[in-house]
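Engineer: So for the sequence shown, this note's numbering puts the first residue at 57; every next one is plus one.
Ideal Cβ positions, reconstructed from N, Cα and C, are used throughout, including at glycine.
Take a look at this one; I'll ask things after.
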Amino acid sequence: MKNKKIIIIGVVILAALVSLYFDSEIVRGVSFIRNNILNDLFLGITFVSSGIIIFFFLTSLFLWKEHKRKWILPLWFTLALSVVVSFLLKIIVQKPRPFQLGVVSVLPVLEKTSHLIWNFSLPSFQAMLAFCAVPILAKEFPKFKYVWIIFAGLIAFSRLYFGLHFLSDIIFGGLLGYLLGVLV
């Protein structure tokens, strides 16, 4: 099982490195499928994926089962660590977002919500936040794990769909989040 995880992590890293070469083409290609229905769907996912909502939802989930409450502090620490690591990496790397480079356009409502200090692309904060919870959820709520992975994948794809991130930003963000969850 451990070898399988190492292989998967290696494949994800390789995919992220390869996607660096094709980032602009990928985000441009995804932008061609934009339509009003998907815009509304992914705007809803973007709203639900805010850090505050994820924090309260996951906390409520662990409060619901009394014997799982011991995992609340590790979960909070993992979420907080993801915020700090994402912030530091964004400041260090300072990779512009696809819409800032003119690769694709972005919905005005999303462009206005960007914060100057956070207004960098690598890594995807939302992907980190969503995927950092996977290891803890997999351990404590194994039946819910796949639902959360699908939700995290939709969050990550919404960032690509709207031109807020390149594919490599999302892959690196998801991988870093997952690894932080494993470490904690």
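Does DSSP put residue 228 in a helix, a strand or coil?
Structural biologist: In this structure, residue 228 counts as helix in the three-state DSSP scheme.
Engineer: Does residue 150 pass the burial test, meaning 16 or more other C-beta atoms within 10 Å, or should it be called exposed?
Structural biologist: Its Cβ having fewer than 16 others within 10 Å, residue 150 is exposed.
Engineer: On the DSSP letters alone, give me the boundaries of the alpha helix (DSSP H) that residue 182 sits inside.
Structural biologist: Looking at the DSSP string, the run of the alpha helix (DSSP H) that includes residue 182 is 181-188.
Engineer: Any idea what DSSP makes of residue 139, helix, strand or coil?
Structural biologist: Note: residue 139 maps to helix in three-state DSSP.
Engineer: If you follow the alpha helix (DSSP H) that residue 247 is part of, which residue opens it and which one closes it?
Structural biologist: Outside the displayed span of the chain (57 to 240) sits residue 247, for which this structure offers no information.
Engineer: What did DSSP end up calling residue 159 once you bin it into helix, strand or coil?
Structural biologist: Here residue 159 sits in coil by DSSP.
Engineer: With respect to the alpha helix (DSSP H) encompassing residue 216, which residues constitute its N-terminal and C-terminal limits?
Structural biologist: Its alpha helix (DSSP H) spans residues 198-217.
Engineer: For residue 106, is the classification buried or exposed, using 16 other Cβ atoms within 10 angstroms of its Cβ as the cut-off for buried?
Structural biologist: Residue 106 is exposed by the Cβ-count criterion.
Engineer: Take residue 234 and list the residues in its own chain whose beta-carbon comes closer than 6 Å to its own, dropping the five residues that flank it on each side.
Structural biologist: Here the set comprises 187, 190.
Engineer: Answer with buried or exposed for residue 214, where buried requires no fewer than 16 other C-beta atoms within 10 angstroms of its C-beta.
Structural biologist: Buried.
Engineer: So, are the CB atoms of residue 229 and residue 179 less than 9 Å apart?
Structural biologist: Cβ distance < 9 Å, so residue 229 and residue 179 count as in contact.
Engineer: So residue 68 and residue 206 are supposed to be a Cβ contact under 8 Å. How far apart are they, rounded?
Structural biologist: Contact doesn't hold; Cβ gap of about 17 Å is too wide.
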